[in-house]
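Heads up: take any position in the sequence shown, counting from 1, add 21, and you land on this note's numbering.
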Amino acid sequence: MRQSIASAMASVAISALLYACEQPGHAEQQKETQAAEQANGASEQNANSQAQANRDIVNARTDFAKAREDYLHQKRIDLITLDEKIFDLETRAQTATGKTRANITARLPDIRAERSDFVNHMQTLNTESGAAWDTAKADLDKEWDRLKNAVDRATE
């Protein structure tokens with residue numbers, strides 16, 4: 022009987038040892054699984070963050086392109102109006118006499134040159150990057166003011 026009890030005790034001890042040995046492996050497996058799930062979650066969060074950043078970039082580029090096109094469209098309309106004034110000046114130069122004719126005729130070549138420069142600079146704005154846009158736009162606005170003033174002064 023003692024042998025049976027000793028044998029049963031040995032079986033229980035071996036089972037306990039095996040069970041105890043399996044627990045750390047099982048616990049480590051759970052830790053590994055949990056770490057893998059966290060890594061997957063972090064990867065997914067990274068992917069979501071990157072996707073949101075990409076959407077923000079696309080939206081910013083779209084907004085910039087729209088603002089640029091709106092600005093250039095308005096400048097084209099302004100240029101059409103200014104061209105009508107230049108045409109009126111050319112017509113007046115043909116019909117006017119004396120000092121008025123001489124004054125308009127003398128200023129028209131400079132006005133045409135300024136207009137040509139303005140149009141060339143306006144076309145370069147189509148390719149300006151966002152970083153240089155504000156400076157280029159401010160320069161073009163100054164050119165516009167000079168051109169408009171030159172046309173307005175030509176009739177004085």
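Positions of the beta carbon are idealized from the N, C-alpha and C atoms, including for glycine.
All values reported here derive from a predicted model rather than from experimental measurement.
Residue 176 versus residue 72 - alpha carbon distance:
59 Å
Report the rounded CA-to-CA distance for residue 114 versus residue 75, giving the unit in angstroms.
57 Å
On the premise that residue 111 lies in contact with residue 139, defined as a C-beta separation below 8 Å, what is that separation, rounded to the nearest angstrom?
Wrong, their Cβ atoms sit about 17 Å apart, outside the cutoff.
Reducing DSSP to helix, strand and coil, say where residue 117 ends up.
Three-state DSSP puts residue 117 in coil, outside helix and strand.
What does the Cβ neighbour count give for residue 132, buried or exposed, with the cut at 16 atoms within 10 Å?
buried
Exposure label - residue 125; buried when at least 16 CB within 10 Å
A buried status is given to residue 125, since no fewer than 16 other beta-carbon atoms sit within 10 Å of its beta-carbon.
Candidates 170, 83, 149, 94, of which the one nearest residue 129 by Cα:
It is 170.
Quick check on residue 150: does DSSP put it in helix, strand or coil?
Note: residue 150 maps to coil in three-state DSSP.
For a quick check, are the C-beta atoms of residue 108 and residue 151 less than 8 Å apart?
no
Where does residue 79 land, buried or exposed, given buried means 16+ other C-beta within 10 angstroms?
Its Cβ having fewer than 16 others within 10 Å, residue 79 is exposed.
Assuming residue 157 and residue 146 make a contact with CB atoms under 8 Å, what is their CB distance in whole Å?
About 6 Å separates the beta carbons of residue 157 and residue 146, which is inside the 8 Å limit, making them a contact pair.
Where residue 159 and residue 88 are concerned, what is the direct C-alpha to C-alpha distance, given to the nearest angstrom?
Using only the alpha carbons, I get a separation of about 14 Å.
Just checking my contact of residue 168 with residue 103 at CB under 8 Å: how many whole Å lie between their CB atoms?
Indeed, because the Cβ distance is near 7 Å, the residues count as touching under 8 Å.
Could you give the C-beta distance for residue 96 and residue 172, rounded to a whole number, given that I count them as a contact under 8 Å?
With a Cβ gap of about 15 Å, residue 96 and residue 172 do not count as contacting.
According to DSSP, is residue 176 helix, strand or coil?
coil
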